[in-house]
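Read the sequence shown against the working numbering and you will find it ends at 988, with the numbers running on by one and no gaps. Cβ coordinates follow ideal geometry from the N, Cα and C atoms, glycine included. A short worksheet on the structure shown next.
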Amino acid sequence: MPHTEHRTIDFFAEDALPAPRTTPAEAELIAARHLGIEAHADPLGSQQDANFLLREGTGAPLAVLKIANPAFGSVEVEAQDAAADLIAAAHPDLRVATVLRRPDGSARRATVESGSGRAVARLLRHLPGGALSGPRYLSPGTVAAMGTIAAKVSVALRGFRHPGLDRILQWDLRHADRVVARLAGHLDEPERRAAVQEATAEAWARVQEVAAALPTQAVHLDLTDDNLIRRLDSRPPTPDGVIDFGDLTTSWAVGELAVSLSSMLHHDGVEPHHTLPAVRAFHTMRPLSAEEAEALWPLVVLRAAGLVVSGRQQAAVDADNAYATAALDREWRVFEQATRLPLPVMTNLIKDAAGFATAPAPITPPGHRLLRDITADRFAVLDLSTEADSMDDGAWLKAGAEDRLAAAALARGAAAARTPYARVRLSRTPAQATVSPATVSTGVDLWLGPAVVAQAPDAGRVLAAEPGRLEITQDRRVLELSFAPAIRPLVTAGAAVRGGEELALLPAGVVVHLALRDVDGPAVPPLVRPEYAVGWLPLTADPAPLLGLAADDRTERTDLLERRSAVFAPVQEHYYAAPPRIERGWRHHLLSTDGRSYLDIVNNVTPLGHAHPRVEQAAARQLRRLNTNSRFHYASVVEFTERLAALLPDPLNTVFLVNSGSEAVDLGLRLAIGASGRPDVVAVREAYHGWTYASDAVSTSLQDNPNALATRPSWVHTVDSPNSYRGRHRGADAARYAPEAVAVIDELAAAGRPAGAFVSETFYGNAGGVALPDGYLDAAYAAVRRHGGLAVADEVQAGYGRLGHWFWGFEQQQVVPDIVCVAKAMGNGHPLGAVITTRAIADRYRDQGYFFSSTGGSPVSSVVGLTVLDALRDEDLQGNAARVGAHLKLRLQTLASRYGIIGAVHGSGLYLGLELVRDRTTLEPATEETAELCDRMLDLGVVVQPTGDHLNILKIKPPLCIDTAAADYFADTLGLALGQLGHTV
Numbered sequence: 004m005p006h007t008e009h010r011t012i013d014f015f016a017e018d019a020l021p022a023p024r025t026t027p028a029e030a031e032l033i034a035a036r037h038l039g040i041e042a043h044a045d046p047l048g049s050q051q052d053a054n055f056l057l058r059e060g061t062g063a064p065l066a067v068l069k070i071a072n073p074a075f076g077s078v079e080v081e082a083q084d085a086a087a088d089l090i091a092a093a094h095p096d097l098r099v100a101t102v103l104r105r106p107d108g109s110a111r112r113a114t115v116e117s118g119s120g121r122a123v124a125r126l127l128r129h130l131p132g133g134a135l136s137g138p139r140y141l142s143p144g145t146v147a148a149m150g151t152i153a154a155k156v157s158v159a160l161r162g163f164r165h166p167g168l169d170r171i172l173q174w175d176l177r178h179a180d181r182v183v184a185r186l187a188g189h190l191d192e193p194e195r196r197a198a199v200q201e202a203t204a205e206a207w208a209r210v211q212e213v214a215a216a217l218p219t220q221a222v223h224l225d226l227t228d229d230n231l232i233r234r235l236d237s238r239p240p241t242p243d244g245v246i247d248f249g250d251l252t253t254s255w256a257v258g259e260l261a262v263s264l265s266s267m268l269h270h271d272g273v274e275p276h277h278t279l280p281a282v283r284a285f286h287t288m289r290p291l292s293a294e295e296a297e298a299l300w301p302l303v304v305l306r307a308a309g310l311v312v313s314g315r316q317q318a319a320v321d322a323d324n325a326y327a328t329a330a331l332d333r334e335w336r337v338f339e340q341a342t343r344l345p346l347p348v349m350t351n352l353i354k355d356a357a358g359f360a361t362a363p364a365p366i367t368p369p370g371h372r373l374l375r376d377i378t379a380d381r382f383a384v385l386d387l388s389t390e391a392d393s394m395d396d397g398a399w400l401k402a403g404a405e406d407r408l409a410a411a412a413l414a415r416g417a418a419a420a421r422t423p424y425a426r427v428r429l430s431r432t433p434a435q436a437t438v439s440p441a442t443v444s445t446g447v448d449l450w451l452g453p454a455v456v457a458q459a460p461d462a463g464r465v466l467a468a469e470p471g472r473l474e475i476t477q478d479r480r481v482l483e484l485s486f487a488p489a490i491r492p493l494v495t496a497g498a499a500v501r502g503g504e505e506l507a508l509l510p511a512g513v514v515v516h517l518a519l520r521d522v523d524g525p526a527v528p529p530l531v532r533p534e535y536a537v538g539w540l541p542l543t544a545d546p547a548p549l550l551g552l553a554a555d556d557r558t559e560r561t562d563l564l565e566r567r568s569a570v571f572a573p574v575q576e577h578y579y580a581a582p583p584r585i586e587r588g589w590r591h592h593l594l595s596t597d598g599r600s601y602l603d604i605v606n607n608v609t610p611l612g613h614a615h616p617r618v619e620q621a622a623a624r625q626l627r628r629l630n631t632n633s634r635f636h637y638a639s640v641v642e643f644t645e646r647l648a649a650l651l652p653d654p655l656n657t658v659f660l661v662n663s664g665s666e667a668v669d670l671g672l673r674l675a676i677g678a679s680g681r682p683d684v685v686a687v688r689e690a691y692h693g694w695t696y697a698s699d700a701v702s703t704s705l706q707d708n709p710n711a712l713a714t715r716p717s718w719v720h721t722v723d724s725p726n727s728y729r730g731r732h733r734g735a736d737a738a739r740y741a742p743e744a745v746a747v748i749d750e751l752a753a754a755g756r757p758a759g760a761f762v763s764e765t766f767y768g769n770a771g772g773v774a775l776p777d778g779y780l781d782a783a784y785a786a787v788r789r790h791g792g793l794a795v796a797d798e799v800q801a802g803y804g805r806l807g808h809w810f811w812g813f814e815q816q817q818v819v820p821d822i823v824c825v826a827k828a829m830g831n832g833h834p835l836g837a838v839i840t841t842r843a844i845a846d847r848y849r850d851q852g853y854f855f856s857s858t859g860g861s862p863v864s865s866v867v868g869l870t871v872l873d874a875l876r877d878e879d880l881q882g883n884a885a886r887v888g889a890h891l892k893l894r895l896q897t898l899a900s901r902y903g904i905i906g907a908v909h910g911s912g913l914y915l916g917l918e919l920v921r922d923r924t925t926l927e928p929a930t931e932e933t934a935e936l937c938d939r940m941l942d943l944g945v946v947v948q949p950t951g952d953h954l955n956i957l958k959i960k961p962p963l964c965i966d967t968a969a970a971d972y973f974a975d976t977l978g979l980a981l982g983q984l985g986h987t988v
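Right under this line is the structure:
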């Protein structure tokens, strides 16, 4: 082998590394002459090599032809192939682009003449599936999978040795400072060049602090979204393949993860905190050391800086390289995201993710109180958290809420009101925002009653003194005071101050912001976003001791979900794998303890909206007076049942009160069976009616019970789901469902088992709000009645005005049931259900004994039920459902014209369903895509969940008080999420 083939690259000895100029025709010739394969060559992108996908005559992929840059020697290529083989053997679950071999076992590799000189060409295994590259949002599972692959590769290569690793690459982060220094001149924009140079200098300095402790080993060093191949048909895209070992070298081991993290940052919607699942996944398989955790984000910044300057250089020397030039904007996006937060913030986040969390260090009580004449007992604390009573009745949305609460505290005699350190301030939360707001305080705000002197707690030096602002050092920290611009400090910048020296005269009524930060740390905003709080807070300290107060107790249990799992039956599931902790609701908003407001699109339990004042006041007033069972004589149960019965057509005039929809359906079936004397029941498939024995028996939703059809008791008989969109009969053919249901009912009667009841939802809720075919219930009701049975209408979801045009779902079908089952909306979250029927049917229940529900129809439940009916009427919520629902449905239909994954928009009023499909012809359900969309919508501030047997329908059943602005926000956010997730027409 010629000596030159033992050489390895030294980037700093090369002027540039343009990719070999090889045409597809030349590539085909190389493949045929040197590698023994006849194929058609399609060019693939590469920054410094020439890559081609070789296809056979039918178009099927055969292999990848890779022609290395002439600057790379054979020994380097041999090392790359050996490393690929090693990883493939160590991790059979990974697909790896290994070199293809001849029958004798030798690699299909040869040194050839390229358009740029002699180069090593070889055939590599083609991995179908496509890369993760492109702008598509990366879901947490995808990000974690990228971290896992980086860890697997790192572990596999830990002991790998080869002469071809002894190379000096521009991508080796050990040389990042030299690379940027050499190539920064290619950045023409002075501002960008300065930003890159400044970020590089800071990141390099931080890495050098721990560099001696960073282990080195063989690294792939390019496990990016371009080089991780998604598993075939994985949804969301999940990588299981590794390609392109061209940057294989020896370097810092943690650089493997840094490179992967950096490649995530250009994707739509991805922020730095979104990379943390990869850090956790990597750390689980290949634990990071404390020093590696310290170095990781600075290395991400160095990688980003290297990408920017290298991309500009490559575009300059290789202008025809479309792959390199197309990446320039993406590379700048990576740099912007990598540097959007100070390095210590991201380092603290990473340390927390890896179990090296750093808590804010407490300060030593000073020699003098900051506010000279205010003692500890004169402070009032303003609780502005999600759980604070002060945030009731939507106070968190009202301008000036904090000032009003402070004024009230001062009026009660406090000398000063203050906010706690490191706590969430819900008062800073907007109703709707796709990005979480900054709600976590990094300091303390003070509202002063009397005038007071601010004095230096201890000796220090004045760093800044100007109208409205003062900074002085206090030990290892900087004390910051901000106040009205009219107030001038009594000290000057640069001056030394002694403990107790006057700093400023603060007049009565002034508001002061007080904060402590590390003396060598970055500037800290007064409020930070919850996702980044564990990164910011260790750079600060609680200023309370400066006021003569004990530091706020920051002990907070974070194991609530684990505690729930330990004692709450697991079948009682919760939304989302990592759910936000919701502790407040207001109208159509849900509020988390992080101070995030979520638009509530699923809560049909609260038609009036969350925390409706009239309901709360009515329930509280009644609880102060009486709450007992309905055997006692009191007015509210009479008034409520009168009002409820009046909403139903004749002859439905008799009411039973229970506590839930399950109980209502169960009782409705017992009434029908008892009155008809026939035990058999006909139910509609793909429906859900409840969890009690009878209501569960007629529930055939496969999602709620995968064995629903196989485990029905013998007295339950089902008819086909009358789904006009995806059922057996679609569109106009849906008219065939009614006669088929009639035939089943008739056949039962002919067999001597006439049905005592036909039960169904009146508007197909579990299918996503699909209207029943016209005339369906009329035909089914007539058939069951003809054989002596009764019609039972499940209005638990559709009833109470949600449909907009109809108060009851059966009105849409122009029928009158014999028994109506109601719940959910009746109590606006209070457990309340009802069955309304005729007096004759109700009287037949005595044949089975008597009926009693301890809390069904209690005074509190009755008062709540009355209040809900009053508010529905007074606030015209049925009308609102019609108006806002029509507007929202139109917005969703417009989205359907833009995104092919939307198969249909079902429903009426605010009982809507958005059905997602992979193909509008086959209607293949987009189940995984729907789950990913719901998770992304949560991240964007919307709570929406899937429904249907395939979990591919967004159930859209918000509180009926939702307004047009919120409906537009939902539609806009849905469009944003669909675009970020890569969906198109």
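Leu135 and Gly502 have their C-alpha atoms spaced approximately 59 Å apart.
Non-local beta-carbon contacts of Ala327 in its own chain, meaning distances under 7 Å to residues more than five positions away in sequence, involve Gln50, Gly314, Gln317, Ala318 and Asp321 in chain order. Of the candidates Glu918, Thr933 and Glu932, Glu918 places its Cα closest to the Cα of Leu926.
Of all alpha-carbon atoms in Val537, Val722 and Asp521, the one lying nearest the alpha-carbon of Leu352 is that of Val537.
Sixteen is the threshold: since fewer than 16 other Cβ atoms of the shown chains lie within 10 Å of the Cβ of Ser900, the residue is exposed.
Taking the Cα of Gly680 as reference, the smallest distance to any Cα among Thr437, Asp45, Leu793 and Val123 is reached at Leu793. Contact between Thr241 and Ala153 does not hold, since the beta-carbon distance rounds to 14 Å and is not under 8 Å. Approximately 28 Å separates the beta-carbon atoms of Met394 and Arg520; this is outside 8 Å, ruling out the contact.
Spanning the alpha carbons of Val80 and Gly249 requires a straight line of approximately 8 Å. Assigned with DSSP and collapsed to three states, Asp938 falls in helix. In this structure, the beta-carbon distance from Pro365 to Pro460 does not fall below 9 Å.
Excluding five sequence positions before and after Glu504, the CB atoms of its chain that fall closer than 7 Å to its own CB belong to Gln458 and Ala459, given in chain order. Using a Cβ distance threshold of 9 Å, Leu190 and Arg181 do not count as a contacting pair.
If you ignore the 5 residues before and after Trp718, its C-beta comes within less than 8 Å of the C-beta of Pro682, Asp683, Val684 and Ala700, all in its own chain and listed in chain order. Our two residues, Leu705 and Arg729, have alpha carbons roughly 15 Å apart in a direct line. Here the alpha carbon of Phe75 sits roughly 11 Å from the alpha carbon of Ala124.
In its chain, beyond the 5 residues on either side, His37, Leu38 and Ala124 have a beta carbon closer than 7 Å to the beta carbon of Ala113. In this chain, Ile585 is not harboured by any alpha helix (DSSP H); it is covered by the beta strand (DSSP E) spanning Ile585 to Trp589. For the options Leu224, Ala744 and Gly358, the alpha carbon positioned closest to that of Val303 is the one of Leu224. For Asn54, there is no enclosing alpha helix (DSSP H); the residue is found in the beta strand (DSSP E) stretching over Ala53 to Arg58.
Asp850 sits in a helix when the DSSP states are folded into three classes. Judged by their CB atoms, Val687 and Ile748 are not nearer to each other than the 9 Å cut-off. A residue is called buried when at least 16 other Cβ atoms come within 10 angstroms of its Cβ; Val146 meets this threshold and is buried. Within the DSSP secondary-structure output, Leu473 pairs in a beta bridge with Ala468 and Leu484. The beta carbons of Val945 and Leu542 sit no closer together than 9 Å. At a cut-off of 4 residues, the continuous stretches assigned as alpha helix (DSSP H) that sit fully inside the stretch 663 to 709 are 664 to 679 and 696 to 700. With contacts defined by Cβ atoms closer than 9 Å, Leu611 and Asn831 form a contacting pair.
Within its own chain, the residues whose Cβ lies closer than 6 Å to the Cβ of Ile676, once the five positions on either side in sequence are excluded, are Pro682 and Gly759, listed in chain order. Judged by their CB atoms, Val887 and Thr967 are nearer to each other than the 9 Å cut-off. Taken in chain order, the unbroken stretches of alpha helix (DSSP H) that lie wholly in the stretch 604 to 635 and span 4 residues or more are 616 to 628.
Val920 is a Cβ neighbour of Gly906, given a cutoff of 9 Å. Ranked by Cα distance from Pro492, the options Asp478, Pro510, Arg479 and Arg480 are led by Pro510. In terms of Cα proximity to Asp781, the closest of Tyr767, Phe766, Val819 and Met829 is Val819.
Take Ala667, set aside five residues on each side of it, and the residues of its chain with a beta-carbon closer than 7 Å to its own are Val661, Val799, Cys824, Val825, Ala826, Gly836, Ala837 and Val838, in chain order. Around the beta-carbon of Ala454, fewer than 16 other beta-carbon atoms lie within 10 Å, marking it exposed.
In this structure, the CA atom of Gly860 is about 13 Å from the CA atom of Ala622.
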